[in-house]
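**Q**
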């Protein structure tokens, strides 16, 4: 009897052994996916090892093999083992994260209200059902049935209340199972057109006659989805007509329109020196890490492009990682223009089929350059020669959900195993990377000047304390900033305004008792979003409608304090009613199409002013932007995080670099109530070296990274006393 150790996407750090039926014994290989029984469910796992060692316990039989060849090669399997060990993550969940869509056999538990529960929800007589969490769960289920995963995400401490509701027969659970194979799923839109191969039967169903009549009236190839809007049951009719050879069905391959080939730019002396060192290391097939420190607008992307050229010339593949979905389309356009069909794009804003299609292209070798966000570090390219991590300092590279990992560090480990080079690029390198370069662990490469000798923008600090003393108003905009925006509108130039806070107001409070409305999960104040008339937690995404009265004292006198990007946009419309204003943040962008629409509109000058959060701060090269305004430089400084000053410096420096990237000079106005803070002052001076020296000394005194390593341990329990007790025990280790 043959057995197989299978890693499953469950939060258990061990493999499970299954017996293999005779039909699979010679076909299963490590890295292939198997569908196996797991309790009452069926799960998709990854084969780790096949053997003849009979386990002590009785085994169950694997159900089905999904792949004839491994979908995860030996290199990625070893990388998964390293991640699981280093970050203490279950191997099965790491392996699931390496695939474009995770498990294919999905089993979901769905909760719905019973008649008893519906009555209880109406009356809210819930003291016997578990208290406040039970109230919230019943109110949520009153609107619609919800999955166990959704309830766990919204109410992390609601497990006990949910079980109590089940025991009281207020809620009922049922399993919903579905099977899919995204790696075999076909990507692209179906197209139909008439075919002349078959004789038309005398009698056809009405839907088929209507579809044929439409195609005869409108000859040519049509998107089936579009036809379905005009012809009833067109999809079913099309498949039936195709079987009768009266109609041809084809699949349109997805992907961005090919960008026109782009000639390489003439490199300046510093760029040539950087490219020469990287190309030499790539050619020698030796593992090296380069830290490319280049000021904003210095042409780091051209260095990346030339480094990738060197890797391809050596017959090797390349990865480029960017920190956010927002950056991918802009970078992807440049890389597809340079490398054409040899480049693939991987990020979560694609549809499932598009993402799987690009994954297959990388795995087959059709694409040898992969551009992606954090998870792009797992792209299944072979013969890896170069990994580029753009904006290496960005915290978006750190995944906060299981499996937790830092993509920059994983990229270095993967490159080391492959004998590849790593290029870490940034205008504001993380202190850890800059420290490693100073110790000789990384090779430091510098780009000290902007391309074409363009000057850095002039930066001015505006003290909002003085502004208040002179105007006696707590205004969002200083007089100086309003004057400069008006001047840009007059001259036909564009403005970018940064406020790194979403929503309309920071919180809702009661004038009578002073209570602030807080998240039921996180105990932080909820942010007011005016357009949706809701209060939202920006940590766990819990949301509720704005109450008619204070939940604490029933007073109707609620008010909203603080300013977010939504409020900035509204106030700009009031100040400049004729200006064309767009906003770019997580509330206006739900996918790549919305993002591309807003940014392309701004680039094509259909908007005069772009308001946004940190999404606008990096990676954008828009020549007509001559003014950048920072509404409040102080937002991040008060956070209880030893990296608060570093992140504030990085954000201010990056957004300042959006101004003056064309032939017109740029100007940056930074509003602050703390102009003397070293992070704000040195960002205004655009002096990274001075900031690095000062911040590094603070870290040395406090033994913070890079002089130590830190781990965050989260203790979660429905019982506060139990959580405190466990925390105390951990503190004694």
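In my numbering, the protein residues as written are 3 to 735. Think of the CB as a built atom: it goes at the ideal place given N, C-alpha and C, for glycine as much as any other residue.
(1) Would you please state the rounded distance, in angstroms, between the beta carbons of residue 26 and residue 8? I believe it to be under 8 Å.
(2) Does the structure place the region 494-504 close enough to the region 516-527 that three or more beta carbon pairs sit under 8 Å?
(3) May I ask you to report which of helix, strand or coil DSSP gives residue 539?
(4) Does the region 594-604 come close enough to the region 457-468 to have 3 or more Cβ pairs within less than 8 Å?
(5) Could you check if residue 716 is buried or exposed, using at least 16 other CB atoms within 10 Å of its CB as the buried criterion?
(6) Taking the runs of the beta strand (DSSP E) that are 3 residues or longer, which of them lie wholly in the region 189-230?
(7) Rounded to a whole number of angstroms, what is the C-alpha to C-alpha distance between residue 298 and residue 451?
(8) When burial is assigned at 16 or more other CB atoms within 10 Å of the CB, is residue 54 buried or exposed?
(9) Express the C-alpha separation of residue 413 and residue 93 in angstroms, rounding to a whole number.
(10) Could you work out which residue in 569, 581 and 33 is closest to residue 614 when comparing CA atoms only?
(11) What number of angstroms, rounded off, separates the C-alpha of residue 13 from the C-alpha of residue 95?
(12) Where do the N-terminal and C-terminal ends of the alpha helix (DSSP H) with residue 567 fall, by residue?
(13) Rounded to the nearest angstrom, how far is the Cβ of residue 2 from that of residue 567, given a contact under 8 Å?
(14) Nearest-angstrom Cα distance between residue 647 and residue 638?
(15) With DSSP as the reference, identify every bridge partner of residue 39, one or two as the case may be.
(16) Once the 5 residues before and after residue 273 are set aside, which same chain residues still bring their CB inside 7 Å of it?
(17) Counting Cβ pairs, one atom from each stretch, are 3 or more of them under 8 Å apart for the region 392-410 and the region 344-364?
(18) For residue 515, is the classification buried or exposed, using 16 other Cβ atoms within 10 angstroms of its Cβ as the cut-off for buried?
(19) Figure out for me which residue from 589, 588 and 626 has the closest Cα to the Cα of residue 602.
(20) What do you get for residue 1, buried or exposed, if any count of 16 or more other CB atoms within 10 angstroms of its CB means buried?
(21) Ignore the nearest five residues each way along the sequence and tell me which others in residue 62's own chain have a CB closer than 8 Å to its CB.
(22) Would you kindly work out how many angstroms separate the C-alpha atoms of residue 539 and residue 528, rounded to a whole number?
(23) Quick one, are the C-beta atoms of residue 226 and residue 173 less than 8 Å apart?
(24) Rounded to a whole number of angstroms, what is the C-alpha to C-alpha distance between residue 166 and residue 149?
(25) Going residue by residue through the region 623-691, where are the continuous beta strand (DSSP E) segments of at least 3 residues, counting only ones entirely within it?
(26) Hey, how far is the Cα of residue 315 from the Cα of residue 289?
(27) Identify the continuous beta strand (DSSP E) that holds residue 290 and give its terminal residues.
(28) Using the three-state DSSP reduction, which class does residue 164 fall into: helix, strand or coil?
(29) Which first and last residues belong to the alpha helix (DSSP H) in which residue 416 is found?
(30) What residue range is occupied by the uninterrupted alpha helix (DSSP H) comprising residue 354?
(31) Which word fits residue 125, buried or exposed, when buried means at least 16 other C-beta atoms lie within 10 angstroms of its C-beta?
(32) Between the alpha carbons of residue 90 and residue 376, how many angstroms are there, rounded?
(33) Which residues in the same chain as residue 443 place their Cβ atom closer than 8 Å to its Cβ, once the five residues preceding and following it in sequence are excluded?
(34) Under 7 Å Cβ to Cβ from residue 512, same chain only, skipping five residues before and after it: list those, please.
(35) Please confirm if the region 432-441 is in contact with the region 696-715, defined as three or more CB-CB distances below 8 Å between the two stretches.
(36) Please report the straight-line C-alpha distance between residue 455 and residue 394, rounded to a whole angstrom.
**A** Walking through what the data contain:
(1) At roughly 12 Å, the Cβ-Cβ gap does not stay under 8 Å, so residue 26 and residue 8 are not in contact.
(2) no
(3) coil
(4) no
(5) exposed
(6) 191-196
(7) 9 Å
(8) exposed
(9) 18 Å
(10) 569
(11) 7 Å
(12) 567-577
(13) Coverage of the chain is limited to positions 3 through 735, which leaves residue 2 absent and any answer about it impossible.
(14) 8 Å
(15) 44
(16) 301, 304, 305 and 449
(17) no
(18) exposed
(19) 626
(20) The requested residue 1 is not part of the displayed model; the chain covers only 3 to 735.
(21) 20, 21, 38 and 39
(22) 5 Å
(23) no
(24) 17 Å
(25) 627-632 and 669-674
(26) 17 Å
(27) 290-296
(28) helix
(29) 409-420
(30) 354-366
(31) exposed
(32) 19 Å
(33) 291
(34) 552, 554, 555, 557, 559 and 560
(35) yes
(36) 25 Å
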